[in-house]
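Order-wise, the sequence lines are chains Y and E. No gaps in the numbering here: position 5 of the first sequence is 4 in numbering that gives the first Met the number 0, and each next residue is one more. No gaps in the numbering here: position 37 of the second sequence is 36 in numbering that gives the first Met the number 0, and each next residue is one more. Positions of the beta carbon are idealized from the N, C-alpha and C atoms, including for glycine. I have placed the structure first, in the form of structure tokens, so that the comments after it can refer back to it.
2 protein chains.
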Amino acid sequence: MTAKSMTRAAFFVLTALADQPRHGYGILRETEELSGGEVHLRVGTLYGVLDRLTADGLIVLDREEVQQGRLRRYYRLTDDGVAALDAEAERMAAGAGAARRRIAEGRRAAARPAAQDPAGLEPPTAPGLAGGFA
Amino acid sequence: MTAKSMTRAAFFVLTALADQPRHGYGILRETEELSGGEVHLRVGTLYGVLDRLTADGLIVLDREEVQQGRLRRYYRLTDDGVAALDAEAERMAAGAGAARRRIAEGRRAAARPAAQDPAGLEPPTAPGLAGGFA
DNA sequence: TCGATATATATCGGCGCTCGATATATCCTG
DNA sequence: CAGGATATATCGAGCGCCGATATATATCGA
């Protein structure tokens with residue numbers, strides 16, 4: 000829809016991998032912790048995402064370790080992955096900004112109908128000016 | 000996944016309606032224009048989203064007009080819709096910020112001369128500082 | 001005047017993605 | 001020794017988005 004924007008799950012996985020390589024289960028925990036429990040990636044979602052991101056060249060298998068009898072498969076971002084995540088972050092920030100500006104616009108419009116706004120209730124909140132989503 | 004976050008299409012529709020009531024086709028054009036052509040909501044997506052948002056109480060039918068023989072069905076945000084959009088904007092801004100901070104962290108780590116710290120499993124967990132996604 | 005394009009609504013099948021359940025295996029704690 | 005955390009992986013169900021399709025009017029250029 001947005002030309003080429005990733006799914007939310009993919010975004011969270013890339014974000015979890017942005018600072019250092021991690022293995023699947025580690026991505027799950029990191030995402031949860033990082034978001035204060037807000038975001039909870041499901042196991043059933045993770046591995047499909049990992050495969051897709053690998054196929055798309057946004058992540059690569061970094062190494063495999065065996066810790067205490069358990070296999071750990073570490074992934075890391077590729078340069079394309081970093082670029083994709085960065086681009087997505089920009090789209091999100093732009094979208095959030097656009098939404099907020101328009102909400103403020105709507106509030107101003109709703110306050111307008113009556114004569115003049117009684118000072119003190121709704122601060123002008125500054126003009127939206129430029130910038131759509133992008 | 001994120002407790003309760005809306006789909007992208009829903010977000011764009013709510014954003015298009017945030018400043019004033021619009022009709023379906025108007026939402027399509029507004030979204031496209033507002034984003035500089037980046038976002039292109041599809042007709043096949045729109046009406047389903049409109050129905051879902053109405054069912055969820057985030058938008059309501061504002062009025063119906065007949066302009067030059069063509070029916071126009073205008074929708075507007077409810078208070079819940081404004082709140083939901085605002086909350087989503089905050090999640091997006093927070094997510095974008097988190098992603099960017101982590102990318103910067105990864106760059107710093109990569110630039111650091113390999114002092115190699117095999118350490119083991121739990122990376123210092125370090126500062127993290129403020130803010131995850133929320 | 002005819003065809004293409006824009007406006008404006010709506011539906012439907014296909015498909016991709018997420019979820020929940022399920023499976024397997026090891027280690028730690030009570 | 002049972003239960004939970006760690007760690008991987010798969011699969012069916014269901015939902016949401018896309019593209020195609022349908023219907024109807026107005027406008028503009030050939």
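Nearest CA to the CA of residue i: which residue from the options?
i     : options                     : result
Y/T44 : Y/D55, Y/L27, Y/K3, Y/M91   : Y/L27
Y/M5  : Y/R107, Y/R90, Y/A98        : Y/R90
Y/T57 : Y/A92, Y/E63, Y/V48, Y/V65  : Here residue 57 of chain Y is Leu; the residue named in the question, Thr, does not match the sequence. Considering only alpha carbons, the answer is Y/V48.
E/T53 : E/A92, E/E104, E/E29, E/D78 : E/D78
E/L60 : E/L76, E/R69, E/Q67         : E/L76
E/L40 : E/D50, E/G68, E/F10, E/G80  : E/F10
E/R71 : E/K3, E/L13, E/Y24, E/V12   : E/Y24
E/L33 : Y/A110, Y/R51, Y/A93        : Y/A93
E/R69 : E/V12, E/K3, E/H22, E/L13   : E/H22
May I ask you to check if the CB of residue i is nearer than 7 Å to at least one heavy atom of the ligand FMN?
i     : result
E/S34 : The ligand FMN is not part of this structure, which contains no ligands at all.
Exposed or buried, which one is residue i when buried takes at least 16 other CB atoms within 10 Å?
i      : result
E/V38  : buried
Y/E121 : The pLDDT assigned to Y/E121 is 42, lower than 50, so where the model puts this residue is not dependable, and the model offers no usable value.
E/V65  : exposed
E/G35  : exposed
Y/L128 : With a pLDDT of 41 at Y/L128, under the threshold of 50, the predicted position of this residue should be treated as unreliable, and no value is reported.
E/D18  : buried
Y/G80  : buried
E/V42  : exposed
Y/A103 : buried
Given a cut-off of 8 Å, decide if residue j and residue i are closer than it, judged by their beta-carbon atoms.
i      : j     : result
E/A15  : Y/M0  : no
E/R62  : E/Y46 : no
Y/A139 : Y/L13 : Past the boundaries of the shown model lies residue 139 of chain Y; chain Y is included only from 0 to 133, so the question cannot be answered.
- Query: Is there contact between the region 70 to 89 of chain Y and the region 94 to 101 of chain E, where contact requires at least three CB pairs shorter than 8 Å?
  - Reply: yes
- Counting only runs of 3+ residues fully inside the region 57 to 119 of chain Y, write out the beta strand (DSSP E) ranges in chain order. 58 to 66, 69 to 76
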